[in-house]
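Trainee: Using my numbering, the letters of the sequence shown map in sequence onto residues 9 to 360.
Let me begin by handing over the structure; questions about it come next.
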Amino acid sequence: MIEYLCSMLKNKQDIRLLNADELKTQVLAMGEAAYRSKQLDEWIWTRRAVSFEEMSNLPRAFRQKLNEQFSFSPVVIDLEQKSIDGTVKVRFLLPGHLKVEGVLIPAKDRVTACISSQVGCSLSCRFCATGQMGLNRQLTVAEIFDQVWLLQEKAKEYFDTPLSNIVFMGMGEPLLNFSNVLTAIEKIHLEKGLNIGMKRITLSTSGLVKGILKLAAMKVKFKLALSLHASTDEVRNRLMPINESNPIEEVMQALETFYKETGNRVSFEYILLKGINDTDMDARRLAVLAKRLPAKINLISYNPVEGLTYQKPDEGKIDRFMHVLVEQGAAVTLRQSRGGDIDAACGQLANK
Ligand code: SAH
Ligand code: SF4
Numbered sequence: 009m010i011e012y013l014c015s016m017l018k019n020k021q022d023i024r025l026l027n028a029d030e031l032k033t034q035v036l037a038m039g040e041a042a043y044r045s046k047q048l049d050e051w052i053w054t055r056r057a058v059s060f061e062e063m064s065n066l067p068r069a070f071r072q073k074l075n076e077q078f079s080f081s082p083v084v085i086d087l088e089q090k091s092i093d094g095t096v097k098v099r100f101l102l103p104g105h106l107k108v109e110g111v112l113i114p115a116k117d118r119v120t121a122c123i124s125s126q127v128g129c130s131l132s133c134r135f136c137a138t139g140q141m142g143l144n145r146q147l148t149v150a151e152i153f154d155q156v157w158l159l160q161e162k163a164k165e166y167f168d169t170p171l172s173n174i175v176f177m178g179m180g181e182p183l184l185n186f187s188n189v190l191t192a193i194e195k196i197h198l199e200k201g202l203n204i205g206m207k208r209i210t211l212s213t214s215g216l217v218k219g220i221l222k223l224a225a226m227k228v229k230f231k232l233a234l235s236l237h238a239s240t241d242e243v244r245n246r247l248m249p250i251n252e253s254n255p256i257e258e259v260m261q262a263l264e265t266f267y268k269e270t271g272n273r274v275s276f277e278y279i280l281l282k283g284i285n286d287t288d289m290d291a292r293r294l295a296v297l298a299k300r301l302p303a304k305i306n307l308i309s310y311n312p313v314e315g316l317t318y319q320k321p322d323e324g325k326i327d328r329f330m331h332v333l334v335e336q337g338a339a340v341t342l343r344q345s346r347g348g349d350i351d352a353a354c355g356q357l358a359n360k
């Protein structure tokens, strides 16, 4: 933190805010050969160097010059909590005393990292803790990358294994921080670095038509999850204000385009809320939607959020909902809530 404040005072620029072209321009302007920018780039994105000192294959004089002009503002973990079910929640400290959260979810054969894309969220979904905070700011490429890097270290420390999956299901709407999230995914995927396969990355969205179509046109290789949570516009409008400008039918068509262009299966997230979206009719309508694509439905039980009155349906009702979906030929799994005792479950991330 002190280092960060010093660099602010000296007006140094965070080097990790530069893209590859900008980095090259800067390196050339400093009178160095172009291949030095490649070396720098590698130090930054495959080894997560956070000082120039450690860049041992760069000449000392060059490192000093870099140090005079540029700085690093690495994310650090300032709090860790382990749930009785093994889930680990960490709090990431960002420059300016901002905080976001990430979660490690161990299962039999894998460890999933749940990361954030924004500080807060502007979309105000009624059931979501992050939605109650509003948006503070976008996360930078390096801040998204750092979360994965640090959770990878934690996965090794706690579970003795590297990360198997990454999900953008922490704070924020990833499609509203589009270019940073996509660039961060590229960095996370670098073979010489974190080397996380594209099929092991899932971006979860509240359903922004424009963003989904952009992903389709780019023929991205990672997976997409839609937070659907209702089978009619009337109910979805009430739960998710974003549905008013992105109604279900338009989102469905965008997802069909996404599937056509990328060949990637989509998953639908559906939080069961007592008395709101849990009838047999809801299950039937949901099945009809899911069957338009090769899609899997993840039924999520609602995680209570302080100050909100939603409840999850009782077990019988949840079983019945599952049963109707299966009967209708939809692919469905019930996602157990994890980390409830430490507020690490999805939608509970709000910087308590
Ligand atoms: N903004 C994106 C990604 C972050 S939210 C999105 O909405 O998809 C990640 C997931 O947590 C979403 O499926 C979201 O609907 C779900 N979620 C939010 N609040 C929740 C709660 N209280 N209980 C269970 N899931 C919740
Ligand atoms: Fe934002 Fe997703 Fe929460 Fe909605 S559910 S408020 S889009 S983080």
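The beta-carbon is built from N, C-alpha and C at its ideal position, and this holds for glycine as well.
Quick one: is the Cβ of Asp310 within less than 7 Å of any heavy atom of the ligand SAH?
Mentor: As a working note, residue 310 is residue 302 in the sequence shown. A small correction: the amino acid at residue 310 is Tyr; Asp does not occupy that position in the sequence shown. True, at least one ligand heavy atom lies under 7 Å from that Cβ.
Trainee: Can Arg134 and Ser172 be called in contact, C-beta distance under 8 Å?
Mentor: Locating residue 134 in the sequence shown gives position 126, counting from the first residue. Locating residue 172 in the sequence shown gives position 164, counting from the first residue. Not in contact: Arg134 and Ser172 (Cβ atoms no closer than 8 Å).
Trainee: Can you look up Leu223 in the DSSP assignment and give me helix, strand or coil?
Mentor: Residue numbering aside, residue 223 sits at position 215 when the sequence shown is read from its first letter. In the structure shown, Leu223 sits in a helix (DSSP, three-state: H, G or I).
Trainee: List in chain order: all unbroken alpha helix (DSSP H) runs of 4+ residues lying wholly within the region 238 to 266.
Mentor: Listed in chain order, the complete alpha helix (DSSP H) runs (minimum 4 residues) inside the region 238 to 266 are 241 to 247.
Trainee: Starting from Glu375, trace the alpha helix (DSSP H) in both directions and tell me its first and last residue.
Mentor: A question about residue 375 goes unanswered here, because the residues of the chain that appear run from 9 up to 360.
Trainee: For the ligand SF4, any of its heavy atoms closer than 7 Å to the Cβ of Gly180?
Mentor: The residue labelled residue 180 in the question sits at position 172 within the sequence shown. Gly180 Cβ: within cutoff of the ligand SF4.
Trainee: Grab me the residues of Ile250's own chain with a C-beta within less than 6 Å of its C-beta, minus the 5 sequence neighbours each way, in chain order.
Mentor: Residue 250 sits at position 242 when you count from the first residue of the sequence shown. Hits under 6 Å: Leu131, Ser214.
Trainee: Can you find a heavy atom of the ligand SF4 that lies under 7 Å from the Cβ of Leu131?
Mentor: Numbered from 1 along the sequence shown, position 123 holds the residue referred to as residue 131. Correct: Leu131 has its Cβ closer than 7 Å to the ligand SF4.
Trainee: Name the residue from Ser91, Leu297, Gln140 whose alpha carbon lies nearest to the alpha carbon of Gly180.
Mentor: The residue you call residue 180 lines up with position 172 of the sequence shown. It is Gln140 whose Cα lies nearest to the Cα of Gly180.
Trainee: Measure from the alpha carbon of Asp286 to the alpha carbon of each residue in Tyr267, Val217, Leu301, Tyr310, then state which is nearest.
Mentor: Here the question's residue 286 lines up with position 278 in the sequence shown. Among Tyr267, Val217, Leu301, Tyr310, the Cα nearest to that of Asp286 is on Tyr310.
Trainee: Using a Cβ-Cβ cutoff of less than 7 Å, which residues in the same chain neighbour Glu363 once the five nearest sequence positions on both sides are dropped?
Mentor: An answer regarding residue 363 cannot be provided, because it is not within the stretch 9 to 360 covered by the chain.
Trainee: Answer with buried or exposed for Pro170, where buried requires no fewer than 16 other C-beta atoms within 10 angstroms of its C-beta.
Mentor: In the sequence shown, residue 170 corresponds to position 162, counting from 1. Pro170 comes out exposed.
Trainee: Does DSSP put Thr287 in a helix, a strand or coil?
Mentor: Start at 1 with the first residue of the sequence shown, and residue 287 comes out as number 279. Looking at Thr287 - three-state DSSP - the assignment turns out to be coil, as it is neither helix nor strand.
Trainee: Based on the DSSP secondary-structure assignment, which residues constitute the bridge partners of Ile209?
Mentor: By one-based count along the sequence shown, residue 209 stands at place 201. Ile209 is bridged to Ile174.
Trainee: Looking at the ligand SF4, does it come within less than 7 Å of Cys136, judged from the CB to the closest heavy atom?
Mentor: As a working note, residue 136 is residue 128 in the sequence shown. Yes; taking the cut-off as 7 Å, the Cβ of Cys136 has a heavy atom of the ligand SF4 nearer than that.
Trainee: With a threshold of 7 Å (Cβ to nearest heavy atom), would Met177 be considered close to the ligand SAH?
Mentor: As a position in the sequence shown, residue 177 is number 169, starting the count at 1. Because some heavy atom of the ligand SAH lies under 7 Å away, the Cβ of Met177 counts as near it: yes.
Trainee: Once you ignore the five residues that flank Leu198 on each side, which residues in its own chain have a CB closer than 7 Å to its CB?
Mentor: Within the sequence shown, numbered from 1, the residue matching residue 198 stands at position 190. Closer than 7 Å at the Cβ level, and outside the excluded window around Leu198, lie Trp53, Thr54.
Trainee: If I measure Cβ to Cβ from Leu158 and keep anything under 6 Å in the same chain, skipping five residues before and after, which residues do I get?
Mentor: Position 150 of the sequence shown, counted from the first residue, corresponds to residue 158. Closer than 6 Å at the Cβ level, and outside the excluded window around Leu158, lie Ile85.
Trainee: If you run the structure through DSSP and keep just helix, strand and coil, what is Arg328?
Mentor: Counting from 1 along the sequence shown, the entry for residue 328 is found at position 320. Correct three-state label for Arg328: helix.
Trainee: Measuring alpha carbon to alpha carbon, tell me which residue in Arg246, Met226, Gly219, Val243 is nearest Leu234.
Mentor: Counting from one through the sequence shown, the residue named residue 234 turns up at place 226. With distances taken between Cα atoms, Leu234 lies closest to Gly219.
Trainee: Please state whether DSSP places Ser79 in a helix, a strand or coil.
Mentor: Sequence index remark: in the sequence shown, residue 79 carries index 71 (1-based). If DSSP states are grouped into helix, strand and coil, Ser79 belongs with the strands.
Trainee: For Phe266 and Leu223, what's the separation of their Cα atoms in angstroms?
Mentor: Locating residue 266 in the sequence shown gives position 258, counting from the first residue. Locating residue 223 in the sequence shown gives position 215, counting from the first residue. If I take the Cα positions, the gap works out to 7 Å.
Trainee: From Arg244 to His237, what does the alpha carbon distance come to, in whole angstroms?
Mentor: Within the sequence shown, numbered from 1, the residue matching residue 244 stands at position 236. Within the sequence shown, numbered from 1, the residue matching residue 237 stands at position 229. Cα-Cα distance, rounded: 7 Å.
Trainee: In or out: Ala69 buried (at least 16 other Cβ within 10 Å) or exposed?
Mentor: Position 61 of the sequence shown, counted from the start, is the residue given in the question as residue 69. It counts as exposed.
Trainee: Return yes when the C-beta of Ser214 is under 7 Å from any heavy atom of the ligand MG, and no when it is not.
Mentor: The model on display carries the ligand SAH and the ligand SF4 but not the ligand MG.
Trainee: Please classify Thr341 as buried or exposed, where buried requires at least 16 other C-beta atoms within 10 Å of its C-beta.
Mentor: Taking the sequence shown and counting its residues from 1, one reaches residue 341 at position 333. Counting Cβ neighbours within 10 Å, Thr341 comes out exposed, since fewer than 16 surround it.
Trainee: I'd like to confirm something about Glu109: is its beta-carbon nearer than 7 Å to some heavy atom of the ligand SAH, or not?
Mentor: Here residue 109 corresponds to residue number 101 of the sequence shown, with the count starting at 1. Every heavy atom of the ligand SAH is 7 Å or more from the Cβ of Glu109, so no.
Trainee: Quick one: does the C-beta of His237 sit closer than 7 Å to a heavy atom of the ligand SAH?
Mentor: Mapped onto the sequence shown, residue 237 falls at position 229. True, at least one ligand heavy atom lies under 7 Å from that Cβ.
Trainee: Go ahead and label Gln344 buried or exposed: buried means 16 or more other beta carbons lie within 10 angstroms of its beta carbon, across all protein chains shown.
Mentor: Taking the first residue of the sequence shown as 1, we reach residue 344 at position 336. It counts as exposed.
Trainee: Can you tell me the Cβ-Cβ gap for Lys231 and Asn272, rounded? I've got them flagged as a contact below 8 Å.
Mentor: Your numbering for residue 231 matches position 223 in the sequence shown. Your numbering for residue 272 matches position 264 in the sequence shown. Yes, Lys231 and Asn272 are in contact; Cβ-Cβ is about 6 Å, under 8 Å.
Trainee: CB-CB under 6 Å to Ser15, same chain, minus the five flanking residues each way: which ones, in chain order?
Mentor: Numbered from its first residue, the sequence shown carries residue 15 at position 7. For Ser15, the predicted structure reports a pLDDT of 49, less than 50, and the residue's modelled location is therefore unreliable. A value from the coordinates is still provided. If we look at Ser15 and ignore the five residues flanking it on each side, its Cβ neighbours are Ser79.
Trainee: Please determine whether the Cβ atom of Glu314 lies at a distance below 7 Å from any heavy atom of the ligand SAH.
Mentor: On the sequence shown, position 306 is the one that residue 314 refers to. It does not: the Cβ of Glu314 is nowhere closer than 7 Å to a heavy atom of the ligand SAH.
Trainee: To the nearest angstrom, how far is it from the Cα of Lys229 to the Cα of Ala137?
Mentor: In the sequence shown, counting from the first residue as 1, residue 229 sits at position 221. In the sequence shown, counting from the first residue as 1, residue 137 sits at position 129. C-alpha separation (whole angstroms): 30 Å.
Trainee: Rounded to whole angstroms, what's the CA-CA distance from Arg71 to Leu25? Just pull it up for me.
Mentor: In the sequence shown, counting from the first residue as 1, residue 71 sits at position 63. In the sequence shown, counting from the first residue as 1, residue 25 sits at position 17. Each residue's Cα considered, the two are about 18 Å apart.
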